Structures are given as C-alpha cells and as structure tokens.
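Chemist:
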Amino acid sequence: MDKKGAKGYWISTSTVINQALFAEYVGKVGPWLKGVGGEVFAKDTEPQGKERTEGANLAVICEFSSMRAAVEAYESEEYQELSKLRIAATKNATFTIMEGMDEAEKLRRAMGK
6 MDKKGAKGYW ISTSTVINQA LFAEYVGKVG PWLKGVGGEV FAKDTEPQGK ERTEGANLAV
66 ICEFSSMRAA VEAYESEEYQ ELSKLRIAAT KNATFTIMEG MDEAEKLRRA MGK
C-alpha cells in the first residue's frame with residue numbers, strides 16, 4: 006500500500022449547509038487530526054469545481070505521513086464518529102484518499118523521464 010517516502014492525502018469537496026454544525030466538526034477534528042499525525046495541507050472556501058463539484062464552497066486537502074496512516078485515520082472509530090458531524094453539515098460531498106508520489110518518482114519527473 007505504501008510507496009517508500011510517499012505521503013497519503015485526504016481530498017474533499019463539499020457545500021457547507023449548516024455553519025454551526027460544521028464549526029463544531031472543525032473544532033473537534035482539528036485537534037484530533039494533529040493527534041494522529043495529520044495536517045491540513047490546503048483549504049479553499051472558493052474552489053473552482055469543474056466536474057461534479059460545481060457549487061462546492063469548501064475544498065480541503067489533509068496530509069499524512071503515508072497512505073496507510075491516511076487510511077487508518079479515516080477508518081478509526083474516532084474519525085467515523087467525527088465524520089457524522091461533517092456529513093450532517095454538508096451536501097454534495099466528495100471524499101478521496103490517495104497516495105502521493107514517492108521520492109524516486111519525484112526525481113524521475115524532475116529529470117524528464
């Protein structure tokens with residue numbers, strides 16, 4: 006599952022429909038995310054949705070040390086409870102877990118190979 010040196014990412018887009026409930030989610034998920042070694046890598050409240058994400062008013066990328074760490078964090082009982090708040094506070098949400106490039110792949114790309 007893990008390529009050597011490759012990080013794992015959560016990528017999500019959504020339309021927040023309940024600001025108070027979403028604020029509660031953010032207040033709880035932030036400390037939890039830090040505790041499991043994740044961090045918010047990028048956040049945009051005016052994303053330019055192009056394919057099936059038009060109208061989204063939030064896009065977030067969270068970074069983890071590895072794909073395994075990203076999957077384990079998502080599948081944890083703690084996050085599954087927290088995610089209920091996110092789901093209730095949003096609509097048209099997408100959520101993807103993906104693996105980044107490993108160090109060798111980055112070097113090959115930099116060399117044009």
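With the numbering used here, you'll find the sequence shown wraps up at 118, consecutive numbering, no jumps.
All C-beta atoms, glycine included, are put in the ideal place defined by N, C-alpha and C.
Everything numeric in this text was worked out from a predicted model, so none of it was measured.
1. By the DSSP assignment, the beta strand (DSSP E) with Ala64 in it spans what residues?
2. With a 10 Å radius around its C-beta and 16 neighbouring C-beta atoms as the bar for buried, classify Arg91 as buried or exposed.
3. At which residue ranges does the region 44-104 contain complete alpha helix (DSSP H) runs of 4 or more residues, listed in the order of the chain?
4. In three-state DSSP terms, what is Val34?
5. Tell me the rounded alpha-carbon separation between Asn97 and Leu38.
6. Could you check the C-alpha separation between Ser71 and Gly10 for me, to the nearest Å?
7. Are the CB atoms of Gly13 and Glu110 within a distance shorter than 8 Å?
8. Would you call Thr99 buried or exposed, if buried means 16 or more other Cβ atoms sit within 10 Å of its Cβ?
9. Using 10 angstroms around the beta-carbon of Gly43, count the other beta-carbons present and answer buried if the total reaches 16, otherwise exposed.
10. What did DSSP end up calling Gly13 once you bin it into helix, strand or coil?
Modeler: Straight from the coordinates:
1. As a working note, residue 64 is residue 59 in the sequence shown. Run containing Ala64: Leu63 to Phe69, per the beta strand (DSSP E) assignment.
2. Working through the sequence shown from its first residue, we reach residue 91 at position 86. Burial call: buried.
3. 72-80 and 82-94
4. Along the sequence shown, one-based indexing puts residue 34 at 29. It is helical.
5. The sequence position of residue 97 within the sequence shown is 92, counting from 1. The sequence position of residue 38 within the sequence shown is 33, counting from 1. So the alpha carbons of these two residues sit roughly 23 Å apart.
6. Locating residue 71 in the sequence shown gives position 66, where the first residue counts as 1. Locating residue 10 in the sequence shown gives position 5, where the first residue counts as 1. Those two C-alpha atoms are separated by around 8 Å.
7. As a first step, residue 110 must be located in the sequence shown, where it is residue number 105. As a first step, residue 13 must be located in the sequence shown, where it is residue number 8. It is not a contact, given that the beta carbons lie outside the stated cut-off.
8. Reading the sequence shown from its first residue, position 94 is the one you call residue 99. With fewer than 16 other Cβ atoms within 10 Å, it is exposed.
9. Position 38 of the sequence shown holds residue 43. Classification of Gly43: buried, given that the 10 Å Cβ count is 16 or more.
10. Along the sequence shown, one-based indexing puts residue 13 at 8. Strand.
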